[in-house]
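One structure is given below, encoded as structure tokens.
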């Protein structure tokens, strides 16, 4: 491809508003599901009408962990497993931001598992998107905490003998207030879910089952990306609101998908402010109110003062 | 560009106090403008976190108890890029857990202050007893090549003063700055005088003010390798931050050349400015036969031995490091060229003494007065070493 063709590719690409086109091509393999989720994320932001300047994305390490580097937002590529605490710091230091964590199953649930459960417990107002491809892609196809029992991985060459996490159940049990699962076949639904999650108050979690064609699919002789999508089409069942105890994934089993949990609960910062307002009364200045809230408050005060003067 | 302003009075608890070093650290941080603290309880440092948690609602800050020390340090990186001055405090085991993300903070040039109230190690060690055993870990603990700034207070008053200094240095050089205190300083109560806000100078973050489309998160190869200005999330710069070797745009560059530029910068911004960073106290070095080089709580013991030696007619100089890193190479080299011996007492099995030996380069005797931790020295041990050095 010559230089001009490259330039017009970058310019004309409908994703150019969201991606750092100067960083293309990306590292993901043909048939990989991560790109679909990134596109769905971009669509979700577009439809949400949110200000792109007020959305930050944080990734850990791994194939999905590269997402932060490609998305044209305030973006952080942190250390392995630590995207959630970095996102927590960002959100608390600058609460008007929408903070999205975008990472993989190994990163979020093995090395980073402790941070996930605590952010969910606190109902930290962030969105976590996990691309679950059942494997460590970047290091070459090792077993992760979500690899289905009996599936082959490079560190379980005779088949996985461990029990995997059921991520929606884990999130639900830990206190997440929005939990959904889709597969990378369900691009529009992923997008709709991310849009909902962005507008959800509290800890929202979206799991997306996606193929790793180079490692998981190949090692298990499951064919290419298209074969994976066919599996999703045949065996993914929409079950909105189902009890999350019933959404385990076995090897090539049926996959329950849909929005499982959506509940209203005060966020971490709401609890902080509520507590200190109760204890300190008027002396306490609410921490981290967003700019529109502050403006509205100033306006209300000015109006009240004007009325008082009359 | 370093811009100094007066401290925000909301964080300054002006007046004379009777408080311990751990509490003084929290007060120093608040006076310096720190409004975000992420921490995890660990003896003997917990009181700093407790004090901050209690004080921050009135100061307009936020304290969060994270799930572990890894989360605490990583939340600071988020907090700093969110626009706040940030701090955490810990002790040995927690310090070990923080190491990987200290590297991320160095690599991403994220200003923050990390206090380590040292206790005896290794492992769980002596949780309630004093030590100075992480003086090398603070310098070398995270993988890869980098530099740090580490300050060593010897009193609660200095915990307050150096906390402010640490924030000022971290903003100036865009780097994590460590306060390497210890259980004794952390838990001893002394008079701490907090000056009025109008007398406290704090370094503001070097905020970028140029055109939006020309912003780069990093600047390599500037005069004295000084770091470039920062922005925060939400201001529309849509910048990228990574722990990978990166260019000035913050984009990963997996090449030898990019690594050379990136790593040289994070090392040279400290090394080239070492003279401006290094702080020490020296007394009666002129004509000294023996000089005692110490730091932190050990310097409070060493001074007794120095005075005893002087009474016995031994010309003894005293050199107290306030900055352990960067190491005061020039000063120690000069001392080494003039004295018979340098005596280095420390509450470890000989750590900073290795730097003294390296810099002395055989020009004088270097005598380590080491210990396995848990207690401060008996001054007589140091006095014996002074006598040995003179002979």
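Residue numbers (the working numbering), protein chains in the order written: chain R, 63 to 372; chain H, 36 to 426.
The beta-carbon is built from N, C-alpha and C at its ideal position, and this holds for glycine as well.
Exposed or buried, which one is residue 384(H) when buried takes at least 16 other CB atoms within 10 Å?
For the purposes of this step, residue 384(H) is identified with residue 349 of the second chain, where counting begins at 1. With fewer than 16 Cβ atoms within 10 Å of its Cβ, residue 384(H) is classed as exposed.
Tell me which residues share the same chain as residue 274(R) and place their Cβ nearer than 6 Å to its Cβ, disregarding the 5 neighbours each side in the sequence.
Numbered from 1 along the first chain, position 212 holds the residue referred to as residue 274(R). Taken in chain order, the residues that qualify are 195, 197 and 199.
Under 8 Å between beta-carbons, which chain H residues line up against residue 288(R)? List them in chain order, please.
Within the first chain, the letter at position 226 stands for residue 288(R). Here the premise fails: no neighbours, minimum Cβ distance about 31 Å.
If contacts are defined as beta-carbon pairs under 8 Å, then residue 133(H) and residue 386(H) qualify, I think. What distance do you get, rounded to the angstrom?
The residue you call residue 133(H) lines up with position 98 of the second chain. The residue you call residue 386(H) lines up with position 351 of the second chain. Between residue 386(H) and residue 133(H) the Cβ distance is about 19 Å, and since that is not below 8 Å, they are no contact.
N-terminal and C-terminal residue of the alpha helix (DSSP H) that residue 116(H) is part of:
As a first step, residue 116(H) is located in the second chain; it is residue number 81 there, counting from the start. Element bounds for residue 116(H): 104-116.
Residues, ordered as in the chain, of the stretch 128-141 of chain R that lie near chain H by beta-carbon distance below 8 Å:
130, 131, 134, 135, 136, 137, 138, 139, 140 and 141
Taking the alpha helix (DSSP H) that residue 172(H) belongs to, which residues open and close that run?
Within the second chain, numbered from 1, the residue matching residue 172(H) stands at position 137. 172-175 is the span of the alpha helix (DSSP H), which, as asked, contains residue 172(H).
Using 8 Å as the threshold, is the C-beta distance between residue 233(R) and residue 241(R) below it?
The residue given as residue 233(R) occupies position 171 in the first chain. The residue given as residue 241(R) occupies position 179 in the first chain. Yes; because the gap between Cβ atoms is below 8 Å, this pair is in contact.
If we cut at 8 Å on Cβ distances, does residue 178(H) have a partner in chain R?
By one-based count along the second chain, residue 178(H) stands at place 143. So no, residue 178(H) is outside the interface.
Closest residue to residue 381(H) among 153(H), 223(H), 44(H) and 424(H) (Cα-Cα distance)
Taking the second chain and counting its residues from 1, one reaches residue 381(H) at position 346. Answer by Cα proximity: 153(H).
Using 8 Å as the threshold, is the C-beta distance between residue 432(H) and residue 301(H) below it?
Because chain H in this structure spans residues 36 to 426, residue 432(H) falls outside the shown range and cannot be described.
What does the Cβ neighbour count give for residue 225(R), buried or exposed, with the cut at 16 atoms within 10 Å?
Locating residue 225(R) in the first chain gives position 163, counting from the first residue. Residue 225(R) should be labelled exposed.
Considering Cα atoms alone, identify which of 83(H), 162(H), 180(H) and 187(H) is closest to residue 331(H).
Taking the second chain and counting its residues from 1, one reaches residue 331(H) at position 296. The candidate whose alpha carbon is nearest that of residue 331(H) is 187(H).
Would you tell me roughly how many angstroms separate the C-alpha atoms of residue 316(H) and residue 357(H), rounded to the nearest one?
For the purposes of this step, residue 316(H) is identified with residue 281 of the second chain, where counting begins at 1. For the purposes of this step, residue 357(H) is identified with residue 322 of the second chain, where counting begins at 1. If I take the Cα positions, the gap works out to 7 Å.
Which of the three DSSP states, helix, strand or coil, is assigned to residue 99(R)?
As a first step, residue 99(R) is located in the first chain; it is residue number 37 there, counting from the start. Note: residue 99(R) maps to helix in three-state DSSP.
With residue 138(R) and residue 120(R) assumed to form a contact (beta carbons below 8 Å), what rounded beta-carbon distance in angstroms separates them?
What you label residue 138(R) is simply residue 76 of the first chain in a count that begins at 1. What you label residue 120(R) is simply residue 58 of the first chain in a count that begins at 1. Contact flag correct, Cβ pair sits at about 4 Å.
Is it the case that the Cβ atoms of residue 116(R) and residue 81(R) are separated by a distance below 8 Å?
Taking the first residue of the first chain as 1, we reach residue 116(R) at position 54. Taking the first residue of the first chain as 1, we reach residue 81(R) at position 19. No, the Cβ-Cβ distance between residue 116(R) and residue 81(R) is not below 8 Å.
Chain R within 8 Å of residue 323(H), Cβ atoms only
For the purposes of this step, residue 323(H) is taken as residue 288 along the second chain, with counting starting at 1. Chain R, which has no Cβ nearer than 8 Å to the Cβ of residue 323(H), makes this no.
For a test of the three-state rule: what should DSSP assign to residue 86(R), helix, strand or coil?
Position 24 of the first chain, counted from the first residue, corresponds to residue 86(R). It is coil, neither helix nor strand.
Could you pull out every residue in the same chain whose Cβ sits closer than 7 Å to the Cβ of residue 45(H), ignoring the five residues on either side in sequence?
Within the second chain, residue 45(H) is the residue found at index 10, counting from 1. Hits under 7 Å: 94 and 95.
Proximity of residue 238(R) and residue 266(R) at Cβ, strictly below 8 Å
Within the first chain, the letter at position 176 stands for residue 238(R). Within the first chain, the letter at position 204 stands for residue 266(R). Yes.
Considering only the beta carbon of each residue, do residue 59(H) and residue 191(H) sit closer than 8 Å?
In the second chain, residue 59(H) corresponds to position 24, counting from 1. In the second chain, residue 191(H) corresponds to position 156, counting from 1. Cβ atoms of residue 59(H) and residue 191(H): closer than 8 Å.
Got a sec: which bits of the stretch 403-418 of chain H sit with their beta carbon under 7 Å from any beta carbon on chain R, in order along the chain?
none
Extract the residue ranges of the beta strand (DSSP E) inside the stretch 175-202 of chain R, only unbroken runs of 3 or more that lie entirely within it.
189-194
Please classify residue 286(H): does DSSP put it in a helix, a strand, or coil?
Taking the first residue of the second chain as 1, we reach residue 286(H) at position 251. Looking at residue 286(H) - three-state DSSP - the assignment turns out to be coil, as it is neither helix nor strand.
Just to confirm before moving on: does the CB-CB distance between residue 268(H) and residue 261(R) stay below 8 Å?
In the second chain, residue 268(H) corresponds to position 233, counting from 1. In the first chain, residue 261(R) corresponds to position 199, counting from 1. No. Outside cutoff.
Any Cβ of chain H within less than 8 Å of the Cβ of residue 116(R)?
Translated into the one-based positions of the first chain, residue 116(R) becomes position 54. True, the Cβ-Cβ gap to chain H drops below 8 Å.
Note down, in chain order, each residue of its chain lying with its Cβ closer than 6 Å to the Cβ of residue 346(R), except the 5 sequence neighbours on either side.
Position 284 of the first chain, counted from the start, is the residue given in the question as residue 346(R). Closer than 6 Å at the Cβ level, and outside the excluded window around residue 346(R), lie 338 and 339.
Residues bridged to residue 380(H) by DSSP?
Walking along the second chain from the start, residue 380(H) turns up at place 345. Looking at the DSSP assignment, residue 380(H) forms a beta bridge with 404(H).
CB-CB under 7 Å to residue 203(R), same chain, minus the five flanking residues each way: which ones, in chain order?
Locating residue 203(R) in the first chain gives position 141, counting from the first residue. The residues are 197, 215, 216, 277, 278 and 281.
Could you name the residues of chain R that residue 43(H) contacts, counting a contact when the two beta carbons are closer than 9 Å?
Reading the second chain from its first residue, position 8 is the one you call residue 43(H). Near residue 43(H) there are no residues of chain R at all, since even the closest Cβ is about 13 Å away, more than 9 Å.
Quick one: list the residues of chain R neighbouring residue 274(H), beta-carbon separation under 9 Å, in chain order.
Taking the second chain and counting its residues from 1, the one referred to as residue 274(H) is at position 239. Here the neighbours are 136 and 137.
What's the gap between the Cα of residue 90(R) and the Cα of residue 321(R)?
Translated into the one-based positions of the first chain, residue 90(R) becomes position 28. Translated into the one-based positions of the first chain, residue 321(R) becomes position 259. Taking the straight line from one Cα to the other gives about 28 Å.
Closest Cα partner of residue 325(H) within the set 173(H), 138(H), 369(H) and 312(H)
Numbered from its first residue, the second chain carries residue 325(H) at position 290. If we check each option's Cα against that of residue 325(H), 369(H) comes out closest.
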